[in-house]
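There are 2 protein chains.
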Amino acid sequence: MTTPRFSRTEIVNTASLAAATETISKHHTIHEPVLIVGTGLLGTSIGLGLRSVGLQVLLTDPSPSAQAVAEDIGAGQGLTDEDQPGTVVVAAPPDVTGAEVIKALRRWPAAVVLDIASVKVAIAQEIAAAVAAGELTAQDAQRYIGTHPMAGRERSGPVAARGELFTAAPWVLCTTSETPQYVIDVASDVARLLGATIYHMTPEEHDGAVAQISHLPQIAASLLASRLQGTSGQALQLAGNGLRDTTRIAASDPSLWVQILTANAEQILPELHGMKADLDRLINTLSAPSASGARLDVAQLMDEGNRGQARIPGKHGGPAQGFAQVTVLVDDKPGAIVSALQAVADAGVNVEDLRMEHSSGYQVGMLEIAVVPGHKKHLVNALTKLGWKVL
Amino acid sequence: MTTPRFSRTEIVNTASLAAATETISKHHTIHEPVLIVGTGLLGTSIGLGLRSVGLQVLLTDPSPSAQAVAEDIGAGQGLTDEDQPGTVVVAAPPDVTGAEVIKALRRWPAAVVLDIASVKVAIAQEIAAAVAAGELTAQDAQRYIGTHPMAGRERSGPVAARGELFTAAPWVLCTTSETPQYVIDVASDVARLLGATIYHMTPEEHDGAVAQISHLPQIAASLLASRLQGTSGQALQLAGNGLRDTTRIAASDPSLWVQILTANAEQILPELHGMKADLDRLINTLSAPSASGARLDVAQLMDEGNRGQARIPGKHGGPAQGFAQVTVLVDDKPGAIVSALQAVADAGVNVEDLRMEHSSGYQVGMLEIAVVPGHKKHLVNALTKLGWKVL
Chain A
1 MTTPRFSRTE
11 IVNTASLAAA
21 TETISKHHTI
31 HEPVLIVGTG
41 LLGTSIGLGL
51 RSVGLQVLLT
61 DPSPSAQAVA
71 EDIGAGQGLT
81 DEDQPGTVVV
91 AAPPDVTGAE
101 VIKALRRWPA
111 AVVLDIASVK
121 VAIAQEIAAA
131 VAAGELTAQD
141 AQRYIGTHPM
151 AGRERSGPVA
161 ARGELFTAAP
171 WVLCTTSETP
181 QYVIDVASDV
191 ARLLGATIYH
201 MTPEEHDGAV
211 AQISHLPQIA
221 ASLLASRLQG
231 TSGQALQLAG
241 NGLRDTTRIA
251 ASDPSLWVQI
261 LTANAEQILP
271 ELHGMKADLD
281 RLINTLSAPS
291 ASGARLDVAQ
301 LMDEGNRGQA
311 RIPGKHGGPA
321 QGFAQVTVLV
331 DDKPGAIVSA
341 LQAVADAGVN
351 VEDLRMEHSS
361 GYQVGMLEIA
371 VVPGHKKHLV
381 NALTKLGWKV
391 L
Chain B
1 MTTPRFSRTE
11 IVNTASLAAA
21 TETISKHHTI
31 HEPVLIVGTG
41 LLGTSIGLGL
51 RSVGLQVLLT
61 DPSPSAQAVA
71 EDIGAGQGLT
81 DEDQPGTVVV
91 AAPPDVTGAE
101 VIKALRRWPA
111 AVVLDIASVK
121 VAIAQEIAAA
131 VAAGELTAQD
141 AQRYIGTHPM
151 AGRERSGPVA
161 ARGELFTAAP
171 WVLCTTSETP
181 QYVIDVASDV
191 ARLLGATIYH
201 MTPEEHDGAV
211 AQISHLPQIA
221 ASLLASRLQG
231 TSGQALQLAG
241 NGLRDTTRIA
251 ASDPSLWVQI
261 LTANAEQILP
271 ELHGMKADLD
281 RLINTLSAPS
291 ASGARLDVAQ
301 LMDEGNRGQA
311 RIPGKHGGPA
321 QGFAQVTVLV
331 DDKPGAIVSA
341 LQAVADAGVN
351 VEDLRMEHSS
361 GYQVGMLEIA
371 VVPGHKKHLV
381 NALTKLGWKV
391 L
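Those protein sequence lines, which keep their order, are chains A and B.
Note that UniProt numbering numbers the first sequence so that position 126 is 126, with each residue one more than the last.
Note that UniProt numbering numbers the second sequence so that position 378 is 378, with each residue one more than the last.
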């Protein structure tokens, strides 16, 4: 579908990333100007990204200040009554996306309209209901295509927007048998120009997929994190990366997730029922932990967890890979981490993955570097020779 | 209790970490030789660490090859019949720890015996049962102290052992009102010489704490990951850091965790019941997502997740802090990451936290750097000026 943009021989400096960007065909079928409805994080980022490749972008948002900020950032110009957008990107909250899509289809009878909400069936149903109620013609409805760019940041709002936000991020296009090719082409071009990786799914496939790989993890993290309200400060001092990893996304925005979870309830429920069955089984088992078969039960749950986790693709969408981990102690000050990584680079070893863990009482950090297993021994030797403490 | 070893003015090279180590008092009350029972990852690491500060270490393991590897690595010498260890560290699997503690208390009537198992009440109960059955005197039992070093790695076995494994890791000492001071002192000295941060708790407090901050997260990750067995490959292509983070520890070793979860079942069950109640409530709510009050219900769960997650201490045990995040695109080859971090260091900004995210289709990585919020703008400007793509 899309070919990788960067080969492994690209040099690091963004001058070369920019050069590589130049080689992407700028040819596109998007009808300008592009109107972005909703200048939050995603809408403003789309505006910035499309402007950076030379498209004319208009903006509108119910909040005058949000729109003003987006204009000031350079994401586009404010929509006026005379404007006739050829393409409309609805970047509004899921709750109002359907209504905004219908408004846009009616107001600009030649425009292609796409949305970017996290759920697709609910929006499609709103469009279909509008057609059934006579508020929209079937032909008008064909100018709409549901899409979902899977990018985001922990902050929200236009101030955090970046045009590069969608670089190498998945962007799902949800076509049906009735979607005209030119509409698909416009949506594809938007995603492609913003640097995303395009996937095609039906709305049902999409909602089922995100229920499993995004919505259920969010629920699990929130369920787990909410337990911590009853955890003592002393116990929390013992918290390690396991707790941090499993609860990290519990810091998500409630108002957004309420909309997503209620809109996708139908696809989420089977997953919740499955999890409930496993949890009930575990509760039964641990209520009689010395009973015959109890250990086998728990081992089966752990083993199924192993198998499921191993199915998650590794780097760059390839097969799940086992990398070897090298943990280096670093002092907690500017330059410390770069010094350690310089030593790794000098040893000629590529850093496949990277994370930090912090010590509970000391101003020392642990830099956890994933490397190809065959390189680990050499790297540990090289670092140790230079005086680094390797765990 | 323990003072931080490293101040922020320490220079990065481990020569200075070593110098700082020198200033730690080597005075200790440990009776040598120290015998380590069980040369797995932790036992062998303890051996290496104690030998590196000059203690005489003996080793024993039911597996001749595991013991031979540990000896070859330099973790200690094999135990002989003539040896009289003054201190015994039982580093066996939780299932056999109690029996090994009792054996050691009986065989060496002057030795202090400590264990390192992940659960403490179960072990204490085994010791008490032995006293009640007349297999051990109460005085003998007083020479035992339960401890738990909270360090570890995804690999197991002596080959992965490192003496520095416990540096800045929490090490819990579980004392009761009967534990003699000299026994506490020996255990404290072991932990301190290995560089750990010492915490004192009763066995019940310990088991309750680890149930909440370690065992429940493990269960949640395994429950969530096991669902992925039914997830299509196409859906998994959309997986992002949220799924990866929440399922990372689902790759844990089933045989070890079966022992831990069944041994600590009593403390884990209340947490599972609480989670079940929340899950049932959510299932009810999402079964009628348009009902009045449904959204409030879901919002409450999300909000409680926010609150719980915010209670997890930030870096170095301090209050949970909000850092600002700066995401830089890096090419995926040796030297790329160090080049980006050099630019951050040149800008004079400290890296508070660090992780990588990988793109699904491209050979490009996203380096996510946490910085003090007040430095973010300066850093983004500095990086952008140098040509880096900042998301």
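C-beta: ideal position from N, C-alpha, C; glycine also.
- Leucine 383 of chain A sits close to valine 328 of chain A, with the two beta carbons spaced by under 8 Å.
- In terms of beta-carbon proximity, histidine 375 of chain B stays away from the interface with chain A, with every pair separated by 8 Å or more.
- Restricting attention to A:Pro109, A:Arg143, A:Gly43, A:Leu50, the CA atom closest to the CA of proline 158 of chain A is found in A:Gly43.
- Against chain B, the beta carbon of serine 287 of chain A has neighbours under 8 Å at Ala265, Leu269, listed in chain order.
- Cβ-Cβ distances below 7 Å link arginine 143 of chain A to Leu105, Ala111, Val112, Val113, Val183 in the same chain, with the five nearest sequence neighbours on each side left out; the list follows chain order.
- In chain A, no part has a C-beta under 8 Å from the C-beta of tyrosine 182 of chain B; the shortest such distance is about 25 Å.
- Pairwise C-beta distances place the segment 168-178 of chain B out of contact with the segment 53-67 of chain B, as fewer than three of them are shorter than 8 Å.
- Within the DSSP secondary-structure output, threonine 87 of chain A pairs in a beta bridge with A:Val34, A:Val112.
- Our two residues, alanine 66 of chain A and glutamine 237 of chain B, have alpha carbons roughly 33 Å apart in a direct line.
- Within the segment 235-247 of chain A, the residues whose Cβ lies closer than 7 Å to any Cβ of chain B are, in chain order, Ala235, Leu236, Gln237, Leu238, Ala239, Gly240, Gly242, Leu243, Arg244, Asp245, Thr246, Thr247.
- Among the bridge pairs identified by DSSP, proline 149 of chain B is matched with B:Trp171.
- Within its own chain, the residues whose Cβ lies closer than 8 Å to the Cβ of leucine 136 of chain A, once the five positions on either side in sequence are excluded, are Ile102, Leu105, Arg106, Ile127, Ala130, listed in chain order.
- Per DSSP, reduced to three states, the secondary structure at isoleucine 312 of chain B is coil, with no helix or strand assignment.
- Of A:Val90, A:Gly208, A:Val190, the smallest CA-CA separation from phenylalanine 166 of chain A is found for A:Val190.
- The beta carbon of serine 118 of chain B lies closer than 7 Å to those of Pro94, His148, Val210, Ile260 in the same chain, with the five residues before and after it left out.
- Three or more beta-carbon pairs drawn from the segment 65-84 of chain A and the segment 45-53 of chain A are found closer than 8 Å, and the two stretches are therefore classed as touching.
- If you draw a straight line from the Cα of threonine 29 of chain B to the Cα of leucine 55 of chain B, it is about 11 Å long.
- Counting only the Cα atoms, alanine 122 of chain B lies some 10 Å from threonine 97 of chain B.
- Every unbroken stretch of the beta strand (DSSP E) spanning 3 or more residues and falling wholly within the UniProt domain "ACT" (325-391) of chain A is given here in chain order: 353-358, 364-371.
- Counting only Cβ-Cβ distances below 7 Å, serine 222 of chain B has contacts in chain A at Leu301, Met302, Gly305, in chain order.
- Contact check for alanine 250 of chain A against glycine 308 of chain B passes: the beta carbons are separated by less than 8 Å.
- In the structure shown, the three-state DSSP call for glycine 76 of chain A is coil.
- For the 8 Å CB-CB criterion, valine 326 of chain B and glutamate 352 of chain B do not form a contact.
- Here aspartate 253 of chain B is exposed. Its C-beta has fewer than 16 other C-beta atoms within 10 Å.
- Among the CB atoms of chain A, none fall inside 8 Å of the CB of valine 121 of chain B.
- Secondary structure of histidine 206 of chain B (DSSP, three-state): helix.
- Annotated three-state conformation of threonine 97 of chain B is helix, per DSSP.
- Residues of chain A with a Cβ closer than 7 Å to the Cβ of glutamine 342 of chain B are, in chain order, Val338.
- Of the other Cβ atoms in all chains shown, 16 or more fall within 10 Å of the Cβ of glutamine 212 of chain A; this residue is therefore buried.
- Proximity of chain B to alanine 294 of chain A at the Cβ level (cut-off 7 Å) is accounted for by Thr262, in chain order.
- Contact between aspartate 278 of chain B and leucine 301 of chain B holds, with the beta-carbon distance rounding to 7 Å and staying under 8 Å.
- With at least 16 other beta carbons inside 10 angstroms of its own, proline 217 of chain A counts as buried.
- Per the C-alpha coordinates, the member of A:Lys333, A:Gly365, A:Leu41, A:Leu286 positioned closest to serine 156 of chain A is A:Leu41.
- Burial check for glutamate 368 of chain A: the Cβ neighbour count within 10 Å reaches 16 or more, so the residue is buried.
- Note on geometry: alpha-carbon atoms of alanine 161 of chain A and lysine 377 of chain B lie some 13 Å from one another.
- When C-alpha distances from tryptophan 171 of chain A are compared across A:Ala151, A:Leu272, A:Asp297, A:Trp257, the shortest belongs to A:Ala151.
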